[in-house]
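Notes follow once the structure below has been shown.
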Amino acid sequence: MTIRRLFRLFSSLLVFITLTGCVNQEKYPKVQDNNFRVIFDNFNNSDDNNILVVAHRGDWRNAPENSLQAIKNAIDMGVDIIELDVRLSKDSVPILMHDKTLDRTTNGKGKINNWTLDSLKTLHLKNGLGRITTHKIPTLEEALKTTKDKVLVNLDKCYNDFNKVYETINKTDTQHQVILKAYNKKYIEVKNDIGVYLDSIIFMPIINLDKQPKAYQIITDYQKNTKTKAFEIVFSSDTSSVLSKFKEIRKNGSRVWVNSLWKSLNAGYDDDSAVINPDSIYGWHINKGFNMIQTDRPQLLLEYLREKGLHD
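Here the working numbering is used: the first residue of the sequence shown is 22, the next is one more, and so on.
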């Protein structure tokens, strides 16, 4: 463990002791795990030098995507956030699955919402090569218990079913670590859809610079009306003026998230290119002002950031 990390842990412990008696529990939850306290503090400090690492569907290169093992691997690596996809079974139980159908990622076939949880639990997950493994489909409850007070969790694919998903979040007492996102939604739309939950969980709008010509106005509207902790920015070219506004956005309390997954999300600055020259990709994102990077290569990104002194 580096001196820097030890110092951060010690500092966080002092902050924890000082603040737990005087800050609202929902805004600053009591967390016993000091590693998560560092992640939590870093996330809420939008303008510090730490770059947060987001593992896309967990560590899916070494375990099936959205599996409990992929989650555990990513936690052991030291990522800050794990992105997971949530769907509902036929009997309305939230499970982890990216697609609406079972065919690509399991040995089952057909739509997920035609299968009850009991029937889904008889299936096996496939790995990244499409080979059947011994791993089973997790429920959201199992996933949240695995991540509880260890990492932040970004939930995707469940905005329209969030009433049901929140029951599981509430049951596992993980409200303080769940980040929900929504695509191309203005603040007033989100308020009308899920406003009852906005003070309980972390909400992150996804801003598509290609499809939202008034993107910066949408961002400032969010920051004016709610304490938006982060924005996910999607862009296929680097010509938008919003890409020069990140310093201001961060000063106003929000981190800025980029996806390095594939070229259409990041103007060509993607993970596969980073294998050849990580500085030309991850360095570009950092120089632009992004301070959250979602990646399909979390180990590579962590090694790069730690070498640069940009990750605790």
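Beta carbons are placed, not taken as given, at the ideal position from N, Cα and C, and that holds for glycine.
If you're wondering where the values come from, they're calculated on a predicted model, not measured in any experiment.
Residue i - DSSP class collapsed to helix/strand/coil
| i | result |
| --- | --- |
| Asn-229 | strand |
| Pro-115 | strand |
| Ile-158 | coil |
| Asn-175 | strand |
| Asp-139 | helix |
| Thr-189 | helix |
| Ile-38 | Below a pLDDT of 50, predicted positions are generally treated as unreliable, and Ile-38, at 42, falls in that range; the measurement from the model is reported next regardless. Note: Ile-38 maps to helix in three-state DSSP. |
| Asn-148 | coil |
| Lys-245 | helix |
| Lys-132 | strand |
| Asn-273 | coil |
| Ala-95 | helix |
| Asn-287 | strand |
| Ala-164 | helix |
First and last residue of the uninterrupted beta strand (DSSP E) at residue i
| i | result |
| --- | --- |
| Ile-200 | 199-204 |
| Gln-196 | Per DSSP, Gln-196 belongs to no beta strand (DSSP E) and is neither H nor E. |
| Glu-104 | 102-109 |
| Thr-316 | 313-316 |
| Trp-278 | 276-280 |
| Phe-256 | Per DSSP, Phe-256 belongs to no beta strand (DSSP E) and is neither H nor E. |
Cβ of residue i within 8 Å of any chain D Cβ
| i | result |
| --- | --- |
| Lys-232 | Annotation note: the requested chain D is absent from the structure, which comprises a single protein chain. |
Extent of the continuous alpha helix (DSSP H) run through residue i
| i | result |
| --- | --- |
| His-332 | Counting along the chain, His-332 falls outside any alpha helix (DSSP H), and DSSP gives it neither H nor E. |
| Leu-264 | Here Leu-264 belongs to no alpha helix (DSSP H), and DSSP marks it neither H nor E. |
| Asp-59 | In the sequence as presented, Asp is not what sits at residue 59; that position holds Val. Segment 55-65, the alpha helix (DSSP H) holding Val-59. |
| Gly-216 | Unbroken run through Gly-216: none, as it is neither H nor E. |
| Ala-295 | 292-297 |
Buried versus exposed, by CB contacts within 10 Å (16 or more), residue i
| i | result |
| --- | --- |
| Asp-213 | Correcting the residue identity first, residue 213 is Asn in this sequence and not Asp. Asn-213 should be labelled exposed. |
| Gly-79 | buried |
| Pro-234 | exposed |
| Gln-238 | exposed |
| Trp-278 | buried |
| Glu-328 | exposed |
| Asn-280 | buried |
| Asp-112 | exposed |
| Ile-72 | buried |
| Asn-184 | exposed |
| Trp-81 | buried |
| Asp-194 | exposed |
| Leu-322 | buried |
| Glu-155 | Per the sequence shown, residue 155 should be read as Thr rather than Glu. With fewer than 16 Cβ atoms within 10 Å of its Cβ, Thr-155 is classed as exposed. |
| Thr-160 | buried |
| Lys-48 | A caution first: Lys-48 carries a pLDDT of 46, below 50, which makes its placement in the model unreliable, though a value can still be read off. Classification for Lys-48: exposed. |
| Lys-192 | exposed |
| Thr-137 | exposed |
| Trp-283 | exposed |
| Thr-168 | buried |
| Val-217 | exposed |
| Ser-261 | buried |
| Ser-301 | exposed |
| Lys-171 | buried |
| His-306 | buried |
| Tyr-325 | buried |
| Asp-291 | buried |
Beta bridge counterpart(s) of residue i as assigned by DSSP
| i | result |
| --- | --- |
| Ile-153 | Lys-147 |
| Val-75 | Ile-102, Gln-315 |
| Thr-127 | Leu-146 |
| Phe-336 | What is shown of the chain runs 22 to 333, which leaves residue 336 out entirely. |
| Ile-240 | Note: Ile-240 sits in no beta bridge, so no partner. |
| Thr-122 | Lys-132 |
| Ile-307 | Answer is none; Ile-307 lacks a bridge partner. |
| Ile-223 | Ile-200 |
| Ala-84 | In DSSP, Ala-84 forms no bridge with anything. |
Is the number of C-beta pairs between the segment 215-225 and the segment 254-262 that are closer than 8 Å three or more?
no
Meets three-Cβ-pair contact criterion under 8 Å: the segment 138-149 and the segment 166-182
no
Give a yes or no on contact between the segment 119-129 and the segment 65-73, applying the rule of three or more CB pairs nearer than 8 Å.
no
Just checking, does the segment 138-146 make contact with the segment 181-192 on the three C-beta pairs under 8 Å criterion?
no
Contact between the segment 236-252 and the segment 200-210: three or more CB pairs below 8 Å?
yes
Would you check if there are 3 or more beta carbon pairs closer than 8 Å linking the segment 109-122 to the segment 53-64?
no
Is the segment 99-107 in contact with the segment 75-91, if contact means three or more CB pairs nearer than 8 Å?
yes
Spell out a yes or no on whether the segment 281-299 and the segment 311-326 are touching, meaning 3 or more CB-CB pairs, one atom from each, closer than 8 Å.
yes
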